[in-house]
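There are 2 protein chains.
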Amino acid sequence: MKSNQVVEALSALAQSTRLAIFRLLVVCGPAGMAAGQLAEKLGVSPANMSHHFKTLSHAGLIVARQDGRFVYYAANFAVMNGMLAYLTENCCEGDPGACADQKC
Amino acid sequence: MKSNQVVEALSALAQSTRLAIFRLLVVCGPAGMAAGQLAEKLGVSPANMSHHFKTLSHAGLIVARQDGRFVYYAANFAVMNGMLAYLTENCCEGDPGACADQKC
DNA sequence: TTGACGTTTTAATAATTGTTTAATAATTTA
DNA sequence: TAAATTATTAAACAATTATTAAAACGTCAA
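Heads up: the protein sequence lines correspond to chains A and B, in order. Position 76 of the first sequence, counting from 1, maps to 92 under our numbering, and the rest follow consecutively. Position 13 of the second sequence, counting from 1, maps to 29 under our numbering, and the rest follow consecutively.
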């Protein structure tokens with residue numbers, strides 16, 4: 017995963033509404049949740065949600081799937097895990113003992 | 017870990033210079049690295065670096081330690097891991113099978 | 001104590017981001 | 001086809017953020 021992609025993903029999650037959206041979708045799993053249901057659950061206007069979905073989608077963190085007049089969003093676990101791995105890469109020079117106390 | 021703390025940590029990492037700083041410090045381990053050395057390594061001005069250190073420190077992601085006229089910064093692994101755990105909490109409703117394909 | 005070094009702070013400007021309102025698009029039901 | 005539902009887009013404004021240059025603050029060595 018490239019640095020720019022990681023920055024974009026982190027940036028997408030660095031906002032309270034989007035973080036809440038993403039966390040709900042992580043719990044939902046691959047089935048995802050409808051846009052309107054997420055909006056209601058979080059008490060955010062549809063227009064505002066749509067902007068946030070766009071940001072998260074563009075970062076690759078969520079994917080959309082249309083079903084009738086509903087749009088279901090689901091977390092993209094591959095991108096999430098790529099981002100997490102990028103942050104911890106070569107932790108403590110790969111020496112497991114060096115940061116054992118900190119569960120690194 | 018609280019949502020606001022996580023947003024602050026993600027926000028701190030959502031910038032290319034700060035992400036690079038943090039990654040170097042993760043590799044360094046608890047010993048850390050001097051501010052000037054990091055600045056030189058990344059080709060960023062000391063003043064600019066100082067601002068970024070402040071942002072990362074405030075988010076709790078790094079800690080400073082003065083040694084003579086040098087200031088050493090080190091990654092705070094506890095906060096990093098807290099942040100990572102927050103993102104994956106209750107993944108796929110805790111069902112390991114639901115997202116097995118995606119290494120969640 | 002003077003001067004040099006490493007780092008931080010202040011102040012200013014340019015660029016990016018979040019939210020709202022209103023309008024638009026796509027899909028279903030009557 | 002027309003109306004209703006679900007979601008997205010466009011435009012505008014307020015708020016936040018990144019960068020630079022200059023000045024200031026500690027610390028050490030002569």
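All C-beta atoms in this analysis are idealised placements derived from N, C-alpha and C, irrespective of residue type, glycine included.
Residues that DSSP places opposite residue i in a beta bridge
i, result
"A/Met49", "A/Tyr89"
"B/Ala80", "B/Tyr89"
7 Å Cβ cut-off: residues of chain A touching residue i
i, result
"B/Ala30", "Val23, Leu26, Ser27, Ala30"
Same chain only: Cβ atoms within 7 Å of residue i, ignoring 5 sequence neighbours per side
i, result
"B/Cys115", "Cys107, Cys108"
"A/Val60", "Thr33"
"B/His68", "Thr33, Arg34, Ile37"
Closer than 8 Å at the beta carbon, the chain B residues around residue i
i, result
"A/Ser19", "Ser32, Leu35, Ala36"
"A/Gly76", "Those within 8 Å of A/Gly76 in chain B number zero; the least Cβ separation is about 13 Å."
Under 8 Å from the C-beta of residue i: neighbouring residues of chain A
i, result
"B/Pro46", "Cys108, Ala114, Cys115, Gln118"
Supposed close pair residue i, residue j - CB separation, criterion 8 Å
i, j, result
"B/Leu26", "A/Ala30", "4 Å"
"B/Met49", "B/Leu40", "7 Å"
"A/Ala80", "A/Ser73", "6 Å"
Neighbourhood of residue i by C-beta, 6 Å cutoff - its chain only, sequence neighbours within 5 removed
i, result
"A/Ala75", "Glu24, Ala25, Ala28"
"A/Val42", "Ala91"
"B/Ala51", "Val87"
"B/Met99", "Val22, Ala25"
"B/Met17", "Gly98, Tyr102"
"A/Thr71", "Ala28"
"A/Thr104", "none"
Burial state of residue i, where buried means 16 or more other Cβ atoms lie within 10 Å
i, result
"B/Arg85", "exposed"
"A/Gly113", "exposed"
"B/Ala101", "exposed"
"B/Ala55", "buried"
"A/Gly110", "exposed"
Listed by chain order, chain A residues near residue i by CB distance under 9 Å
i, result
"B/Leu100", "Leu100, Leu103, Thr104"
"B/Val43", "Glu105, Asn106, Cys107, Cys108, Glu109, Gly110"
"B/Phe69", "Correct list: empty, because the minimum Cβ distance to chain A is about 18 Å."
"B/Phe86", "Under the 9 Å cutoff, chain A gives no residues; its nearest Cβ is about 21 Å from B/Phe86."
Close-in-space but distant-in-sequence residues of the same chain around residue i (CB under 8 Å, 5 per side omitted)
i, result
"A/Cys44", "Ala90, Ala91"
"B/Ala47", "Tyr88, Ala90"
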